[in-house]
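Before any comments, here is the structure.
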Amino acid sequence: MLLAATPLQANSAPTVKVYFSQGFGIPGTTVAVTRAAPDRGVARFAIEQLIKGPTAAEKRRGLHSELGAQIRGRSDCRADFRLKIASGKATLRFCRTVYGTGVGGDARILNTIDKTLRQFSAVKKVITLDKGGRCLFDQSDAGTSCLTGHE
């Protein structure tokens, strides 16, 4: 599915929003920043930018992302993640291990992923899975809370 990025002006590169955390509340406040995006693969690009984290200037404004530092180990898909968008649902499965940082950090990570992907009109629901296919940071036996909507 092709997702449209927003052009800033005529003849300029399209842009996407990346939502970073500001402060350490649960799930926390998010602030959108814009990034020049490629013409294709804008949702993937937006998540890549979330993993990369804020620029130095954005950090000085108090923005942060806990996601990038928590992704470690070998990939089982030659990338950090796979992203599929179909029928209004974005499914993000990490191909490397994502370590939790505690309840607050985990909530902020999920919140920034959700907001970053929901900017696209084709996305109504976001499902975030770990390397093993369980809902990211779900500590229940089933590991399926994000699939049923009971997070």
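No gaps in the numbering here: position 47 of the sequence shown is 47 in UniProt numbering, and each next residue is one more.
The beta-carbon is built from N, C-alpha and C at its ideal position, and this holds for glycine as well.
Straight-line measurement puts the Cα of I127 at about 18 Å from the Cα of Q49.
Listed as beta-bridge partners of L63 by DSSP are Q22. Exposed is the label assigned to C77, since fewer than 16 other Cβ atoms lie within 10 Å of its Cβ.
Excluding sequence positions up to five before and after Y99, its CB lies within less than 6 Å of the CB of Q70, all in the same chain and listed in chain order.
Here S75 is near R96, since their CB atoms are less than 7 Å apart. The UniProt domain "GerMN" (17-126) contains, as complete beta strand (DSSP E) runs of 3+ residues, the segments 29-36, 81-86 and 89-94 (chain order).
If you ignore the 5 residues before and after P54, its C-beta comes within less than 6 Å of the C-beta of F20 and L63, all in its own chain and listed in chain order.
Assignment of T144 by DSSP, reduced to helix, strand and coil, places it in the coil class. G105 sits away from I26, with the two beta carbons spaced by 7 Å or more. Check the Cα spacing between V33 and each of K52, K17 and A46: the tightest is with K17.
In this structure, F137 and L110 form a Cβ contact; the two beta carbons are roughly 7 Å apart against a cut-off of 8 Å.
Just measuring C-alpha positions, the residue of S121, L92 and F120 sitting nearest D130 is L92.
Taken through DSSP and simplified to helix, strand or coil, L129 comes out as strand.
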